[in-house]
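Visitor:
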């Protein structure tokens, strides 16, 4: 009769932890864009289910790098997550390329970060650790700046005209060692860092 009597649709289900990972990224303030070669209807359905902000679908591998450039030209910092050969140009173009564990060798070599597990939770964890590291570096720089802005003038004799006090070189050396220990101890706090779920 020329009439359709059945329709069969097949799709890969979302991983159970993917939606939770994307929610964590949203909560951390990231804007989520799906960049895929899949058709727009399929991509939009998955994006709606996963809570993705924007969909760029039906894109060829070279077009992915162009889409990244376009996002960057809008002033955005772009992190690209991928696992295949077709993602390599976009991973190279992005400000930060993140390859999923078990991905192609080309993607892994192109990316700045390679995750050990094939889960979007790893992306959320990596970005949380990077923010904590940056915060720790700023704390260390501030501490060193305060220490040096006080310690160097005192060591140079700024108190001599007022109090007749000079800093003993042994005390200055001990204070410098204490400053280094403080910076290293603060940095070591990252060893106990656990990303918030």
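Numbering (full-length UniProt numbering), first residue to last: 1 to 197. The beta-carbon is built from N, C-alpha and C at its ideal position, and this holds for glycine as well.
Within the chosen definition, does the stretch 56 to 73 reach the stretch 154 to 167 through at least 3 CB pairs nearer than 8 Å?
Guide: The answer is no - the stretch 154 to 167 does not touch the stretch 56 to 73, with fewer than three Cβ pairs under 8 Å.
Visitor: Measuring alpha carbon to alpha carbon, tell me which residue in 11, 35, 45, 83 is nearest residue 115.
Guide: Residue 115 sits at position 115 when you count from the first residue of the chain shown. Closest option to residue 115, Cα to Cα, is 83.
Visitor: Should residue 170 be labelled buried (16 or more other beta-carbon atoms within 10 Å of its own) or exposed?
Guide: Counting from 1 along the chain shown, the entry for residue 170 is found at position 170. Its Cβ having fewer than 16 others within 10 Å, residue 170 is exposed.
Visitor: Determine the DSSP secondary structure at residue 154, reduced to helix, strand or coil.
Guide: Position 154 of the chain shown holds residue 154. Correct three-state label for residue 154: helix.
Visitor: Counting C-beta neighbours from all protein chains within 10 Å, is the total for residue 125 16 or more, i.e. buried, or is it exposed?
Guide: In the chain shown, the residue the question calls residue 125 occupies position 125. It counts as buried.
Visitor: With a floor of 3 residues, list each beta strand (DSSP E) that falls wholly inside the stretch 64 to 130, ordered by position along the chain.
Guide: 79 to 82, 96 to 99, all fully within the stretch 64 to 130.
Visitor: Under three-state DSSP, which class holds residue 183?
Guide: On the chain shown, residue 183 is found 183 positions in, with the first residue counted as 1. Helix, per DSSP.
Visitor: Between which residues of its own chain and residue 129 is the CB-CB distance below 7 Å, once the five residues before and five after are set aside?
Guide: Taking the first residue of the chain shown as 1, we reach residue 129 at position 129. Closer than 7 Å at the Cβ level, and outside the excluded window around residue 129, lie 193, 195.
Visitor: Hey, could you find the ends of the alpha helix (DSSP H) residue 25 is sitting in?
Guide: Residue numbering aside, residue 25 sits at position 25 when the chain shown is read from its first letter. Here the alpha helix (DSSP H) through residue 25 covers 18 to 27.
Visitor: Please report the distance separating the alpha-carbon of residue 72 from that of residue 94.
Guide: Indexing the chain shown from 1 puts residue 72 at position 72. Indexing the chain shown from 1 puts residue 94 at position 94. The alpha-carbon atoms of residue 72 and residue 94 are separated by roughly 8 Å.
Visitor: Pull up the CB-CB distance for residue 21 and residue 91, whole angstroms please, since I reckon it's below 8 Å.
Guide: Locating residue 21 in the chain shown gives position 21, counting from the first residue. Locating residue 91 in the chain shown gives position 91, counting from the first residue. Contact flag wrong, Cβ pair sits at about 19 Å.
Visitor: Answer yes if the stretch 182 to 189 comes into contact with the stretch 134 to 142, meaning at least three C-beta pairs across the two stretches below 8 Å, and no otherwise.
Guide: At 8 Å Cβ cutoff, the stretches touch.
Visitor: Taking only beta-carbon atoms, is residue 167 less than 8 Å away from chain C?
Guide: Protein chains in the displayed structure number just one, and chain C is not present.
Visitor: Using a Cβ-Cβ cut-off of 7 Å (strictly less than) and excluding sequence neighbours within five positions of residue 62, which residues of its own chain qualify?
Guide: Here residue 62 is taken as the residue at index 62 of the chain shown, counted from 1. These residues qualify, in order along the chain: 89.
Visitor: Rounded to whole angstroms, what is the Cα-Cα separation between residue 158 and residue 173?
Guide: The residue given as residue 158 occupies position 158 in the chain shown. The residue given as residue 173 occupies position 173 in the chain shown. Residue 158 and residue 173: Cα-Cα distance of roughly 18 Å.
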